[in-house]
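This note's numbering numbers the first residue of the sequence shown as 10 and each following residue consecutively. The next block holds one structure in the form of structure tokens; read it before the comments.
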Amino acid sequence: MSLIASSAQKVIPPGRIDLAIGQPSPRLLPFAAMAQAAAHAGADPERLLLSYGTEQGDGRFREALAHLLGPLYGRAVDPAELLVTNGASQALDLVCTLFSRTGDRILVEEPTYFLARKIFADHGLTPVALPMDEEGLVVEAVAEALRGAKPAFLYTIPTYHNPTSRCLSTERRRRLAELSRDRGLLVVADEVYHPLAYETPPPPPLASFCREAEILSLGSFSKILAPGLRLGWLQADPRRIRRFTACGLLDSGGGLNPYTSGIVRGALELGLVETHLALLKATYRPRLLALCTALRKALPPEVRFLQPEGGFFVWLEFPDGVDTEALLDPALERGLEFMPGPRFSNRNALRNCMRLSFAYFEIPDLEEGAARLGRLVRETPAGVAFGDRR
Ligand SMILES: Cc1ncc(COP(=O)(O)O)c(C=O)c1O
Numbered sequence: 010m011s012l013i014a015s016s017a018q019k020v021i022p023p024g025r026i027d028l029a030i031g032q033p034s035p036r037l038l039p040f041a042a043m044a045q046a047a048a049h050a051g052a053d054p055e056r057l058l059l060s061y062g063t064e065q066g067d068g069r070f071r072e073a074l075a076h077l078l079g080p081l082y083g084r085a086v087d088p089a090e091l092l093v094t095n096g097a098s099q100a101l102d103l104v105c106t107l108f109s110r111t112g113d114r115i116l117v118e119e120p121t122y123f124l125a126r127k128i129f130a131d132h133g134l135t136p137v138a139l140p141m142d143e144e145g146l147v148v149e150a151v152a153e154a155l156r157g158a159k160p161a162f163l164y165t166i167p168t169y170h171n172p173t174s175r176c177l178s179t180e181r182r183r184r185l186a187e188l189s190r191d192r193g194l195l196v197v198a199d200e201v202y203h204p205l206a207y208e209t210p211p212p213p214p215l216a217s218f219c220r221e222a223e224i225l226s227l228g229s230f231s232k233i234l235a236p237g238l239r240l241g242w243l244q245a246d247p248r249r250i251r252r253f254t255a256c257g258l259l260d261s262g263g264g265l266n267p268y269t270s271g272i273v274r275g276a277l278e279l280g281l282v283e284t285h286l287a288l289l290k291a292t293y294r295p296r297l298l299a300l301c302t303a304l305r306k307a308l309p310p311e312v313r314f315l316q317p318e319g320g321f322f323v324w325l326e327f328p329d330g331v332d333t334e335a336l337l338d339p340a341l342e343r344g345l346e347f348m349p350g351p352r353f354s355n356r357n358a359l360r361n362c363m364r365l366s367f368a369y370f371e372i373p374d375l376e377e378g379a380a381r382l383g384r385l386v387r388e389t390p391a392g393v394a395f396g397d398r399r
């Protein structure tokens, strides 16, 4: 077992094509760039990198981050709107700590990011599932849900949604921002995939409405540089940022991740993050095209999916009656893994759906994975709904 595999959160057995894993392959991790950035940051004459950091996060890092985000978001970003975090997961956990209490209702999408569900469960929150369609979250359903008791917040993934890869339309973003402003609805927008656009740029992030509506936008270096950095940011109106900088966690420990953010500032100043992001996009786009082509070839035509325009995932919808949970064991026996739909459901539904990721494996493995999936659904009893085609 290699050192990387042994220290990884998830170890993939040899021979398995694990399309459940939603993270970059080791080959895509920027070791050389980070060494260069660390050397640049180490020349810090004030020797502050290893001190307790200012609560909001180092101003020079936030400035460099704002420069990165401006072109990605299509509008200038004010460093005063940014708070440094240990990644989107930690930011979400802190949002729950500061803006909800055990037993509160929160609004979430159906389906939603499966591990966000776990963070909400840790805080004893009750998710109310709202429908999505091809344009993303159905905003009318949010308005409807606000007729009852006010939820602590809405959690949404507007761009290249996990798991569906759908994008909330421009019009719905505007409408959601209006609802947030008019009804005082706190919207937690998880925008970690926004920079990973492979076709036309997505609509403006919900972050761009943060001055006029109650929006907390979460971003992360996990998807554009490396997840092991555990570095991200929260973007909000500076008045709302103060709720974070005054909290006990930051008061006691100082700003989050000053050392890593100092090194990543080096990477930003040297232009290495843009270069790496360009490499990621140039790698993921052909992978996504290859996977979708291979799926079209391998799967019966009743299996529906939209070719994503960004992010990490392809969301498959099988005919009703196909049980993707039941397909998992036979899949593992055939050296294939995927994420069954119910993991993303707030109602233990979506049994006929599954999520595949093209971020980890290279094209030949993605093609082989699609072929294994095709054989699996045609040859196992859990693929019941294909009738004569099996
Ligand atoms: C929607 C979404 N949010 C958050 C995360 C985790 O981000 P981080 O590594 O910054 O904690 C992921 C990772 O898969 C994700 O898909």
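Just so it is clear, CB atoms sit at the ideal spot from N, CA and C, and this is done for glycine as well. All values reported here derive from a predicted model rather than from experimental measurement.
Going by beta-carbon coordinates alone, are residue i and residue j separated by less than 8 angstroms?
| i | j | result |
| --- | --- | --- |
| Glu326 | Asn357 | no |
| Phe108 | Phe162 | yes |
| Ala406 | Leu215 | With the chain represented from 10 up to 399, any question about residue 406 goes unanswered, as that position is not in the structure. |
| Leu134 | Cys105 | yes |
| Ser229 | Gly31 | no |
| Thr333 | Gly241 | no |
| Val282 | Ile250 | no |
| Met348 | Ala154 | no |
| Arg182 | Pro140 | no |
| Tyr164 | Val117 | yes |
| Arg203 | Thr179 | Residue identity differs from the one stated: residue 203 is His in this sequence, not Arg. In this structure, Thr179 does not lie closer than 8 angstroms to His203 by Cβ. |
| Ser189 | Ala222 | yes |
| Leu227 | Ala130 | no |
| Arg220 | Asp191 | no |
| Leu382 | Leu308 | yes |
| Pro328 | Glu311 | yes |
| Ile26 | Gly344 | yes |
Buried or exposed: where does residue i fall if 16 or more other Cβ atoms within 10 Å of its Cβ makes it buried?
| i | result |
| --- | --- |
| Ala276 | buried |
| Glu64 | buried |
| Cys35 | At residue 35 the sequence reads Pro, which differs from the Cys that was named. When all chains shown are included, Pro35 counts as exposed. |
| Arg384 | exposed |
| Pro390 | exposed |
| Asp102 | buried |
| Pro33 | buried |
| Leu20 | At residue 20 the sequence reads Val, which differs from the Leu that was named. Exposed, since its Cβ has fewer than 16 Cβ neighbours within 10 Å. |
| Met10 | Unreliable positioning characterises Met10 in this predicted model, as indicated by a pLDDT of 48, which lies under 50. The coordinate reading is nonetheless provided below. With fewer than 16 other Cβ atoms within 10 Å, it is exposed. |
| Gly83 | exposed |
| Leu194 | buried |
| Leu207 | First, the amino acid is wrong: residue 207 is Tyr here, not Leu. With 16 or more other Cβ atoms within 10 Å, it is buried. |
| Gly297 | Looking at the sequence provided, one finds Leu at residue 297 rather than Gly. Leu297 is buried by the Cβ-count criterion. |
| Asp397 | The predicted position of Asp397 is uncertain, since its pLDDT is 46 and thus under 50; no value can be drawn from it. |
| Gln18 | exposed |
| Gly62 | buried |
| Arg399 | With a pLDDT of only 42 at Arg399, under 50, the local geometry of the prediction cannot be trusted, and the value read off the model is given with reservation. Looking at its Cβ environment, which holds fewer than 16 other Cβ atoms inside 10 Å, Arg399 is exposed. |
| Glu149 | exposed |
| Asp260 | exposed |
| Arg305 | exposed |
So the candidates are the options; which of them puts its Cα closest to the Cα of residue i?
| i | options | result |
| --- | --- | --- |
| Leu92 | Ala340, Leu74, Gln45, Ser174 | Leu74 |
| Gly320 | Asn355, Leu359, Ala368 | Ala368 |
| His132 | Met141, Phe314, Ile115, Leu146 | Ile115 |
| Gly68 | Pro267, Arg190, Phe253, Val137 | Pro267 |
| Glu318 | Thr209, Thr179, Ala100, Thr121 | Thr209 |
| Val273 | Val20, Pro351, Ala46, Pro22 | Ala46 |
| Tyr293 | Phe370, Arg343, Glu143, Arg248 | Phe370 |
| Thr173 | Arg56, Glu388, Ala52, Leu315 | Leu315 |
| Leu146 | Leu185, Lys159, Leu78 | Leu185 |
| Trp324 | Ile224, Val148, Tyr122, Glu223 | Tyr122 |
| Glu377 | Ala299, Pro54, Arg156, Gly112 | Ala299 |
| Leu59 | Arg175, Gly262, Ser217 | Gly262 |
| Met363 | Phe322, Leu78, Gly280, Ser16 | Phe322 |
| Glu342 | Val148, Gly24, Arg110 | Gly24 |
| His49 | Asp142, Leu382, Gly271 | Gly271 |
| Gly264 | Glu144, Ile26, Gly66 | Gly66 |
| Leu289 | Ser231, Ser98, Tyr61 | Ser231 |
| Gly350 | Ala303, Pro339, Glu119 | Glu119 |
| Pro295 | Ala307, Ile372, Ala287 | Ile372 |
| Glu278 | Ala42, Gly330, Leu37, Asp27 | Ala42 |
| Cys176 | Val137, Glu144, Ile224, Val151 | Glu144 |
| Asp87 | Leu205, Thr254, Gln244 | Gln244 |
| Arg110 | Ser98, Ala89, Pro136, Ala85 | Pro136 |
Tell me which residue opens and which closes the beta strand (DSSP E) that residue i is part of.
| i | result |
| --- | --- |
| Arg364 | 362-366 |
| Gly228 | 224-229 |
| Glu326 | 322-326 |
| Arg114 | 114-119 |
In the DSSP assignment, find the unbroken alpha helix (DSSP H) run with residue i in it and report its ends.
| i | result |
| --- | --- |
| His144 | The residue you asked about is not His; residue 144 is Glu in the sequence shown. Unbroken run through Glu144: none, as it is neither H nor E. |
| Ile250 | 247-254 |
| Val282 | 281-307 |
| Gln5 | With the chain represented from 10 up to 399, any question about residue 5 goes unanswered, as that position is not in the structure. |
Does at least one heavy atom of ligand 2 sit under 7 angstroms from the Cβ of residue i?
| i | result |
| --- | --- |
| Arg343 | Within the structure as shown, ligand 2 is missing, the only ligands being ligand 1. |
State yes or no: is the beta carbon of residue i nearer than 8 angstroms to at least one beta carbon in chain B?
| i | result |
| --- | --- |
| His203 | Considering every chain present, this structure includes no chain B. It has just one protein chain. |
- Output the residues surrounding ligand 1, defined as those with a CB atom closer than 6 angstroms to any ligand heavy atom, in chain order. My final list is Gly31, Gly96, Ala97, Ser98, Tyr122, Ile166, Asn171, Asp199, Val201, Ser229, Ser231, Pro236, Gly241.
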